[in-house]
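Residue numbers (the working numbering): 37 to 148. Idealized CB from N, CA, C, for every residue including glycine. Presented below is the structure to which this report refers.
Here is the structure:
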């Protein structure tokens, strides 16, 4: 099993969520985060200067069986990209075991 963490633009969340649902990833956690990016340029909007160093993003935490890893990553890459700096990052980790609290069962079946 794999844990996929993705930091994406908040504006792309609906598209990423739909892409994940289309491939059969129907459960994941997410929350709003503030990220510090590489871009350190200030912007001016309607005469007000603001920093783009602190960026509002959405953080996704997804656990999938090994056979869903590539599909999930591909879905996030395709649906989350704008082609601009700041589209986000994806991190992948190995997961040793999962347990379903209600029944006590363990293993990949707990993700279905």
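Annotation for residue 67: 94 and 95 place their beta carbon closer than 8 Å to its own, counting only its chain and skipping 5 residues before and after.
In the DSSP secondary-structure assignment, residue 70 is bridged to 92. For residue 48, there is no enclosing beta strand (DSSP E), as DSSP gives it neither H nor E. In the DSSP secondary-structure assignment, residue 100 is bridged to 38.
A residue is called buried once 16 or more other Cβ atoms fall within 10 Å of its Cβ, and residue 140, having fewer, is exposed.
Ranking 123, 109 and 101 by CA distance to the CA of residue 132 puts 101 first. For residue 125, the enclosing beta strand (DSSP E) stretches over residues 124-130.
Beta-bridge pairing by DSSP links residue 142 to 135.
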